[in-house]
Amino acid sequence: MTEHSPTTAVPDDVPTSVVYDMFAETATHLSARYVRLSSDATTEDERRSWWSKVLRLRDEKEAVDADDRAAMIAKITVWAAEIRELDEKRRG
Numbered sequence: 739m740t741e742h743s744p745t746t747a748v749p750d751d752v753p754t755s756v757v758y759d760m761f762a763e764t765a766t767h768l769s770a771r772y773v774r775l776s777s778d779a780t781t782e783d784e785r786r787s788w789w790s791k792v793l794r795l796r797d798e799k800e801a802v803d804a805d806d807r808a809a810m811i812a813k814i815t816v817w818a819a820e821i822r823e824l825d826e827k828r829r830g
């Protein structure tokens with residue numbers, strides 16, 4: 739399976755429903771990385787730390803209104819940066 743970092747560029751003419759899809763998919767990608775890191779953890783504390791990020795991300799996603807385009811784009815930007823950072827760390 740190949741991984742990719744989601745894009746943060748969202749043109750103004752993209753419908754809000756598509757922005758929501760991008761928002762949800764970015765959250766899913768980041769959550770999957772956290773779950774994998776939790777599974778690969780070598781200590782129970784590390785496992786719990788990654789799992790707490792999964793839960794916090796879920797709560798952040800649920801807190802954003804599906805009609806709040808600006809909030810979704812802001813989260814996409816933050817989450818995509820986190821994905822890129824995790825990818826860079828993994829590459830070493």
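With the numbering used here, the residue at position 71 of the sequence shown is 809, and numbering never jumps.
Beta carbons are placed, not taken as given, at the ideal position from N, Cα and C, and that holds for glycine.
Return the first residue and the last residue of the alpha helix (DSSP H) that D759 is part of. Here residue 759 is taken as the residue at index 21 of the sequence shown, counted from 1. Residues T754 to D778.
Where L793 falls, given that 16 or more other Cβ within 10 Å makes a residue buried: For the purposes of this step, residue 793 is taken as residue 55 along the sequence shown, with counting starting at 1. So L793 counts as exposed.
Over the uninterrupted alpha helix (DSSP H) stretch that includes T815, give me the two end residues. For the purposes of this step, residue 815 is taken as the residue at position 77 of the sequence shown. From DSSP, the alpha helix (DSSP H) with T815 extends over R807 to R829.
How long is the line joining the alpha carbons of L824 and G830, rounded to whole angstroms? As a first step, residue 824 must be located in the sequence shown, where it is residue number 86. As a first step, residue 830 must be located in the sequence shown, where it is residue number 92. Taking the straight line from one Cα to the other gives about 10 Å.
Taking the continuous alpha helix (DSSP H) assigned at A801, which residues delimit it? Reading the sequence shown from its first residue, position 63 is the one you call residue 801. Note, A801: alpha helix (DSSP H), E782 to A801.
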